[in-house]
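Numbering (mature numbering (1 follows the signal peptide of the UniProt record, and there is no 0)) for the sequence shown: -24 to -1, 1 to 299.
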Amino acid sequence: MLKNRNILIFFIVTFLSISYGTEGKKHHNKKAVIRNEEKINETLPIPMIHKSFPSVDKKEYLASPKYKLGVCMIGKNFSSMIDRIFCFLNNSNKKKFKFGECQRTHRHESLSIMQKTYRAGGVKNMFKNYQMLMIVRNPIDRLISGFMQLCYFRIYLKPNEDYCYGCGRNFNCFVSKLQKELWKVAKNKMIPNQFHDYHFYPQTWQCAYYKFKPYYTYIKYPSSNKSSFYKTIINHLDKAHVPKKHLTFLYDKMYSIKTEHTTNSREATKLYKDSLYNNITLLKKVCAIFYHDFIEFNYDLPSGCYQSPKNNSNNSTTLSNSF
């Protein structure tokens, strides 16, 4: 009931915000009508889609047949560490504990392919016999983290690589172009860019969520105070009968290793996040993009998403050139 109420409020506020800016301009020509329709359409929540985009570039599914444990990885949701954990679980040589990546050799591009590899007897049987994890994150934290890694700090990227729509460090530009791309994908007007898909697309678009939503075990990934999260991961591994000495080793690794593309503790990340929350127009756009992520995974929508936008052209003096 609460979700339905939130949906109604979101639609009403969004429509009134647009109407307020266009009511005094009584252009009845066809082009004006089309422009207004597009403006309203692009400000409504991006829909949940009922299709998947398997790709050898993503290969987001992992499993450990020995422990009957599986996971669907989502970019910026502890994925690098999860990859290493499953690499460790599938490593046959446990005399020397190693904690590193397996160069994608144990990853699969779809649930169908993964269940065939492990002879699970079908996807439904795999969900029945395996504990399948899906790690989710606050949509804004995930978006900011991905943007800071790939657009601001450009971690791991070569000088000629660009995954930011040519926007550089301009977050407003990036969000607008991401939104347009998502609408095109939702309307079957383009095939998704797999790199964008993995790092930026809604989490409800990942992992064939539309089809297997009831069967995943969900774990929330926090941007800070991760001790409880690490313990939750260890508890799931413990339930899968991973040996105690392995659990101790993995817990120590999670607690001590910080991946190079971790961005949440950096000062620039905090500045961008604060500037987003102070820019109601941009915040509403972000809420529209990830609306269903907020609702499906029980994250609170920022209060600014229900406010009518004001003039935000100079909200942030610190990041005025970037926003």
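Backbone N, C-alpha and C define an ideal beta-carbon position, used for all residues, glycine too.
Boundaries of the alpha helix (DSSP H) in which residue i is found, first to last residue
i, result
"Ala216", "Unbroken run through Ala216: none, as it is neither H nor E."
"Thr257", "256 to 265"
"Lys74", "Unbroken run through Lys74: none, as it is neither H nor E."
"Tyr248", "243 to 253"
"Thr81", "From DSSP, Thr81 is part of no alpha helix (DSSP H); its letter is neither H nor E."
"residue 300", "With the chain represented from -24 up to 299, any question about residue 300 goes unanswered, as that position is not in the structure."
"Thr93", "87 to 93"
"Cys149", "147 to 162"
"Phe64", "55 to 65"
"Phe273", "Premise fails: Phe273 is in no alpha helix (DSSP H) and is neither H nor E."
"Lys202", "Segment: none, Lys202 is in no alpha helix (DSSP H) and carries neither H nor E."
"His175", "170 to 176"
"Phe188", "185 to 188"
Supposed close pair residue i, residue j - CB separation, criterion 8 Å
i, j, result
"Ile22", "Ala162", "6 Å"
"Ser40", "Asn66", "6 Å"
"Phe54", "Ile116", "Phe54 to Ile116, Cβ: 17 Å. No contact."
"Gly244", "Tyr128", "Residue identity check: residue 244 is Ala in the sequence provided, not Gly. Yes, they are in contact, since the Cβ atoms of Ala244 and Tyr128 sit about 6 Å apart, within 8 Å."
"Ser31", "Gln170", "4 Å"
"His217", "Tyr37", "Not really, about 21 Å apart at Cβ, beyond 8 Å."
"His175", "Leu126", "7 Å"
"Leu213", "Leu226", "7 Å"
Proximity of residue i and residue j at Cβ, strictly below 8 Å
i, j, result
"Lys215", "Gln107", "yes"
"Lys249", "Ile120", "yes"
"Thr180", "His82", "no"
"Asn148", "Leu258", "yes"
"Lys52", "Glu85", "no"
"Val47", "Leu109", "yes"
"Phe75", "Phe62", "no"
"Phe273", "Tyr192", "no"
"Ile210", "Leu223", "yes"
"Phe29", "Asp228", "no"
"Met90", "Met230", "no"
"Lys153", "Tyr141", "yes"
"Pro198", "Phe205", "yes"
"Phe103", "Phe123", "no"
Burial state of residue i, where buried means 16 or more other Cβ atoms lie within 10 Å
i, result
"Tyr186", "exposed"
"Ser279", "exposed"
"Phe266", "buried"
"Lys261", "buried"
"Glu157", "buried"
"Ile167", "exposed"
"Pro135", "exposed"
"Phe73", "exposed"
"Cys281", "buried"
"Ile256", "buried"
"Glu137", "exposed"
"Ser296", "Only weak support is given to the placement of Ser296: the predicted model assigns it a pLDDT of 49, under 50, and the question is left unresolved by the model."
"Ser251", "buried"
"Tyr276", "Tyr is not the amino acid found at residue 276; the sequence shown has Asp there. By the neighbour-count rule (16 or more Cβ atoms within 10 Å), Asp276 is not buried but exposed."
"Thr19", "buried"
"Pro190", "exposed"
"Arg118", "buried"
"Arg242", "exposed"
"Ile271", "buried"
"Pro178", "buried"
"Ile25", "buried"
"Asn291", "With a pLDDT of 43 at Asn291, under the threshold of 50, the predicted position of this residue should be treated as unreliable, and no value is reported."
Extent of the continuous beta strand (DSSP E) to which residue i belongs
i, result
"Ile116", "Run containing Ile116: none in the beta strand (DSSP E); it sits in the alpha helix (DSSP H), 115 to 123."
"Ile195", "193 to 197"
Beta bridge counterpart(s) of residue i as assigned by DSSP
i, result
"Cys140", "The partner list for Cys140 (beta bridge, DSSP) is empty, contrary to what the question assumes."
"Cys48", "Tyr37, Met110"
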